[in-house]
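S.K.: For the record, in the sequence shown the residue sitting at position 69 is 69 according to our numbering, with numbers rising by one throughout.
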Amino acid sequence: MLETTILETLVKLPDSLKQEVLHYIEFLAAKYANNEVTINPPQKKRQAGMMKGTFVLPLADDFDEPLEDFEEYM
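#1: Hey, would you say leucine 10 sits closer than 8 Å to lysine 18, going by beta carbons?
#2: What would DSSP say about glutamine 19, mapped onto helix, strand or coil?
#3: Does DSSP classify leucine 67 as helix, strand or coil?
#4: The alpha helix (DSSP H) that contains valine 11, what's its start and end?
#5: From the DSSP output, in three-state form, read off isoleucine 39 for me.
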């Protein structure tokens, strides 16, 4: 099925683009000649809250107060 679709699309291309497709195919064949294409296994989804309690920072008492540097903008 995939080969048929590729060939149907290739037939519609002008000769100059067919040459580029050939070069790309040769490039891929050379690149993967000795290496099998490896498919990476799907990564596990991250779970929310896994790091809860890991980073406990002492916050200043005035943490929520406006910064002095931004007084002119307020």
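Every residue gets a Cβ at the ideal spot worked out from N, C-alpha and C, and that includes glycine. Treat the numbers as computed from the prediction; the structure is a model and nothing was measured.
M.R.: Taking the coordinates as given:
#1: yes
#2: Here DSSP, grouped into helix, strand and coil, assigns glutamine 19 to helix.
#3: coil
#4: 2 to 12
#5: coil
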